[in-house]
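J.: Please read through the structure below; I'll follow up with questions.
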Amino acid sequence: MTDDDRWLARAVELATANVADGGGPFGAVVVRDGVELATGVNRVTRDLDPTAHAEVMAIRAACRATDSHSLEGAVLYSSCEPCPLCLTAGLWARVDRVVFAADRHDAAAAGFDDREFYDLLEQDRDTWPNPVVSRRIETAGEPFAAWRSAEKRTPY
Ligand SMILES: [Zn+2]
428 MTDDDRWLAR AVELATANVA DGGGPFGAVV VRDGVELATG VNRVTRDLDP
478 TAHAEVMAIR AACRATDSHS LEGAVLYSSC EPCPLCLTAG LWARVDRVVF
528 AADRHDAAAA GFDDREFYDL LEQDRDTWPN PVVSRRIETA GEPFAAWRSA
578 EKRTPY
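Quick note on this note's numbering: the sequence shown kicks off at 428 and runs consecutively.
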């Protein structure tokens, strides 16, 4: 059993325990240098938060634990293939690697939309059932102008 396998087993245990606790079947662990920084479980229905996925919860907790917005050097382990939200959260968090156990097909078989969203992202936005609309109003660039000229900014 590799270190990856052991951390994945931990994420899977969290996921299974979360079901018994009334949550979704997802768990995640953030690890750096062999040390567990934080864990997360799905809390969507309990927190009334559609973004409270296990990986997002683990990333938030790991950042709080390390007092940093970056998880560079860390690995995100997930009981299941991260959905597009969580995969991107991992990229934003700058984790070195993402490792998962079950995949989008396992999630789909249990009634979750991960695979559907991956499929949707590969299609032209004009064909989406929920339109994504771009309207370049006059002030659209102002926040970025403010950012570029800001003296107090923390790049991320
Ligand atoms: Zn997710």
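We treat Cβ as the ideally placed atom computed from N, Cα and C, and that holds for glycine.
Report yes if the CB atom of V458 is closer than 7 Å to the CB atom of W434, and no otherwise.
T.: Contact flag set, yes.
J.: Quick one: Cα of L512 to Cα of T478, how far?
T.: Roughly 8 Å separates the two Cα atoms.
J.: Would the beta-carbon of T466 fall within 7 Å of that of V456?
T.: Going by C-beta atoms, T466 is nearer than 7 Å to V456.
J.: May I have a chain-ordered list of the beta strand (DSSP E) segments no shorter than 3 residues that lie completely inside the segment 460-505?
T.: As far as the segment 460-505 is concerned, its whole beta strand (DSSP E) runs of at least 3 residues are 462-468.
J.: Quick one, are the C-beta atoms of A436 and G454 less than 7 Å apart?
T.: Their beta carbons are not under 7 Å apart, which means A436 does not touch G454 by this criterion.
J.: Would you mind sorting L441 into buried or exposed? The rule is 16 or more other CB atoms within 10 Å of its CB.
T.: Label assigned to L441: buried.
J.: If you draw a straight line from the alpha carbon of R487 to that of R562, how long is it in whole angstroms?
T.: Looking at the two C-alpha atoms, the distance is approximately 32 Å.
J.: Anyone know if the C-beta pair for Y504 and V526 falls short of 7 Å?
T.: It is a contact, given that the beta carbons lie within the stated cut-off.
J.: Taking DSSP as the reference, what is the three-state secondary structure of C510?
T.: If DSSP states are grouped into helix, strand and coil, C510 belongs with coil.
J.: Taking the DSSP output, what are the residues bridged to F617?
T.: In the structure as shown, the chain starts at 428 and stops at 583, and residue 617 therefore has no counterpart that could be examined.
J.: When the Cα atoms are used, what is the spatial distance from T429 to P452?
T.: Cα to Cα, the separation comes out at about 23 Å.
J.: Secondary structure at A520, three-state DSSP: helix, strand or coil?
T.: A520 falls in the coil class under three-state DSSP.
J.: Since T443 is in the alpha helix (DSSP H), which residue starts that stretch and which ends it?
T.: T443 -> alpha helix (DSSP H) spans D430 to A447.
J.: Tell me which same chain residues have a C-beta within less than 8 Å of the C-beta of R491, skipping the five on either side of it?
T.: Within the same chain, R491 has close Cβ partners A465.
J.: Any chance the CB of H532 is under 6 Å from a heavy atom of ligand 1?
T.: No.
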